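Reviewing the structure listed below.
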Amino acid sequence: MVKDLNNIREDFPILNEIVNDEPLVYLDNAATTQKPRQVVQALENYYYHDNANVHRGVHTLAERATEHFEAAREKVRAFINAASTKEVLFTRGATTGLNWIAASYGEKVIQAGDEIVISYMEHHSNLVPWQQLALRKGATLKYIKLTDQGTLDMADAKQQITSKTKIVAIAQAANVMGVINPVKELAKLAHAQGAIMVVDGAQSVPNIKVDVQDLDCDFLAFSGHKMLGPTGIGVLYAKEALLLEMPPIEFGGEMIDFVNLFDSSWTDLPWKFEAGTPDISGAIALGAAVDYLNEIGMDQIQAHSHEIVSYVLPKLQAIDGLTIYGPQDPAEHTGVIAFNLDGLHPHDLATGLDMEGVAVRAGHHCAQPLMKYLGIPAAARASFYFYNTKADADRLVNAVLATKEFFKDGTI
Ligand code: PMP
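Each residue of the sequence shown is one higher than the one before, starting from 1 at the first, in full-length UniProt numbering.
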């Protein structure tokens with residue numbers, strides 16, 4: 001059954017908070033989303049009724065905890081349409097997943113003279129691991145340019161991806177300018193040159209339907225907390241054939257088959273990569289988050305973002321002195337809009353908005369090379385999710401106008 005978006009705000013008690021004497025308008029969803037009761041209840045149920053370590057005990061609670069933990073893996077598998085749960089690894093988040101790829105696949109495959117291709121719009125989590133791998137190995141890191149509209153320059157992508165390329169790593173949805181990148185096409189370009197395709201799905205998996213088999217990506221990393229789940233849990237999807245060849249990254253309990261005094265062997269996928277006690281409650285609650293998203297439907301979530309961005313973008317564009325980074329066409333945006341107001345530091349702008357109860361993020365958004373590329377030190381960013389309304393969008397516009405008026409004689 002599809003949930004009615006008009007009634008879902010009751011599931012998110014935090015949306016009733018009062019901030020600076022105003023009802024909260026939470027527009028920092030690209031940083032982390034709020035959690036519905038169903039997700040918090042999954043945590044509570046687990047700790048009140050099922051808490052035990054997984055894959056170890058033969059007692060009933062241990063079996064129950066293992067069953068729920070592995071059921072969550074199956075929910076995630078179906079959500080991204082992976083071929084098997086062997087391909088779904090629980091991590092701490094997108095950052096951990098991307099680091100694991102660099103530390104395991106990258107360490108094994110990359111050699112001096114090889115090339116790794118990313119873009120100027122990458123989050124530091126999909127940049128620094130590749131930069132450091134390239135430095136360690138004497139490989140070259142190459143950047144795909146952006147168009148004037150802030151989208152990926154696909155003509156340049158075709159130039160940058162060559163027979164020397166071993167890894168292409170790109171965000172499917174950008175965290176600053178909100179564009180969706182054609183990762184399916186990039187995967188084709190990468191594969192044609194014998195390279196693998198890594199997709200940073202931190203901003204896409206929460207917002208659009210992602211099908212790893214359709215994209216034909218080799219890896220997809222994402223975070224639970226940006227899709228209604230708790231912090232501390234994330235997922236790395238990888239094709240089974242690659243995981244079979246990759247060495248584990250961490251060693252210890254849960255990931256071994258046999259341990260001898262001077263050598264050891266590894267257990268099956270996916271557990272070979274999950275050393276130690278995992279975030280059991282986090283995984284189970286992520287499963288509840290996936291259930292919740294499925295009840296709404298990713299198509300409805302995407303359509304809602306489009307509707308709200310189509311509503312608010314022209315209103316923001318009409319504000320004198322306000323610059324919006326990235327595409328000016330709502331059709332090319334996820335729910336993310338980055339902007340600056342002339343003469344005002346984005347931190348002052350965000351503080352002004354907070355005074356009106358409107359929560360946005362300001363700063364470099366973990367994308368310093370992008371800020372340099374755009375020639376700005378920082379930006380404010382409003383990011384909408386399916387529980388935001390047009391009234392929230394109006395509150396943002398009015399708060400920007402009020403802040404502009406407040407600072408009209410310069411910052412104090
Ligand atoms: N990639 C992108 C595009 C992101 O937006 C983020 C989070 N801001 C990350 C990676 C890293 O996610 P996490 O901090 O949850 O590991």
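Where a beta carbon is used, it is the ideal one built from N, C-alpha and C, also for glycine. Bear in mind the structure is a predicted one, so any value in this text is a computation, not a measurement.
Have a look at residue i and residue j and give me their C-alpha separation to the nearest angstrom.
i           : j      : result
residue 488 : ASP279 : Outside the shown range of the chain, which is 1 to 412, sits residue 488, and nothing can be said about it.
ASN207      : GLY234 : 16 Å
ASP257      : LYS86  : 16 Å
GLU250      : LYS372 : 35 Å
THR323      : ALA362 : 14 Å
ALA82       : ASP148 : 35 Å
VAL179      : LYS3   : 27 Å
PRO23       : ASP354 : 11 Å
ASP409      : VAL309 : 30 Å
LYS108      : ASN398 : 53 Å
PRO327      : ALA275 : 43 Å
ASN126      : ASN51  : 34 Å
GLN132      : GLY224 : 26 Å
ASP329      : ALA318 : 14 Å
GLU240      : ALA30  : 30 Å
VAL336      : ASP218 : 26 Å
ARG64       : ASN53  : 10 Å
LYS137      : PRO248 : 19 Å
ASN175      : TYR26  : 17 Å
ASP156      : ILE144 : 6 Å
PRO13       : TYR47  : 21 Å
GLN34       : SER264 : 42 Å
ALA303      : LEU236 : 26 Å
Pull the bridge partners of residue i from the DSSP assignment, please.
i      : result
GLU115 : THR140, THR165
ASP28  : SER383
PRO23  : ILE18
LEU374 : In DSSP, LEU374 forms no bridge with anything.
ASP200 : ALA171, ALA221
ILE180 : ALA173
TYR237 : VAL88, LEU220
ALA338 : TYR325, ARG381
SER310 : None; SER310 has no bridge partner.
SER264 : VAL259
Could you give the DSSP three-state label for residue i: helix, strand or coil?
i           : result
LEU269      : coil
ASN207      : coil
VAL259      : strand
GLY326      : coil
TYR120      : coil
MET1        : With a pLDDT of 48 at MET1, under the threshold of 50, the modelled position of that residue is not reliable, and the figure given next carries that caveat. It is coil, neither helix nor strand.
ARG361      : strand
LEU146      : strand
residue 468 : This structure gives no information on residue 468, because the portion of the chain shown stretches from 1 to 412.
LEU349      : helix
LEU152      : strand
VAL400      : helix
residue 429 : Nothing about residue 429 can be read from this structure; the chain reaches only from 1 to 412.
SER12       : Checking the displayed sequence, the identity of residue 12 turns out to be Phe instead of Ser. Residue state, collapsed to three classes: coil.
MET298      : helix
TRP249      : Reading off the sequence, residue 249 comes out as Ile, not Trp. It is coil, neither helix nor strand.
ILE280      : helix
GLU356      : coil
ASP291      : helix
ASP409      : coil
Quick check on the burial criterion: 16 or more other C-beta atoms within 10 angstroms. Buried or exposed for residue i?
i      : result
THR403 : buried
LEU186 : buried
THR91  : buried
ALA393 : buried
GLY113 : exposed
PHE262 : exposed
ALA391 : exposed
GLY287 : buried
ALA139 : buried
LEU61  : exposed
VAL259 : exposed
VAL123 : Checking the sequence, you will find His at residue 123 rather than Val. When all chains shown are included, HIS123 counts as buried.
LEU244 : exposed
PRO377 : exposed
GLU44  : exposed
GLN203 : buried
SER383 : buried
GLU17  : exposed
MET1   : Legend: pLDDT at MET1 = 48, less than 50; position of this residue unreliable, no value from coordinates given.
GLN172 : buried
With a threshold of 8 Å between beta-carbons, can residue i be considered close to chain C, or not?
i      : result
ILE337 : The structure shown contains no chain C, having only a single protein chain.
Say whether the segment 35–53 touches the segment 395–409, bearing in mind that this needs 3 or more beta-carbon pairs closer than 8 Å, one atom from each stretch. The segment 35–53, when compared against the segment 395–409, does not touch it at the 8 Å Cβ threshold.
Would you be able to state if there are at least three C-beta pairs under 8 Å between the segment 155–171 and the segment 182–201? For the pair of segments examined, the segment 182–201 was found to touch the segment 155–171: the number of CB pairs separated by less than 8 Å reaches three.
Examine the Cβ distances between the segment 93–101 and the segment 305–321 and report whether three or more of them are shorter than 8 Å. Too few Cβ pairs lie closer than 8 Å, so no.
Report yes or no: do the segment 377–388 and the segment 297–308 share at least 3 C-beta pairs separated by less than 8 Å? Contact holds between the segment 377–388 and the segment 297–308, because three or more Cβ pairs, one in each stretch, are under 8 Å apart.
Quick check: the segment 65–84 against the segment 207–217, are at least 3 beta-carbon pairs closer than 8 Å? Contact between the segment 207–217 and the segment 65–84 is present, because at least three Cβ pairs lie under 8 Å.
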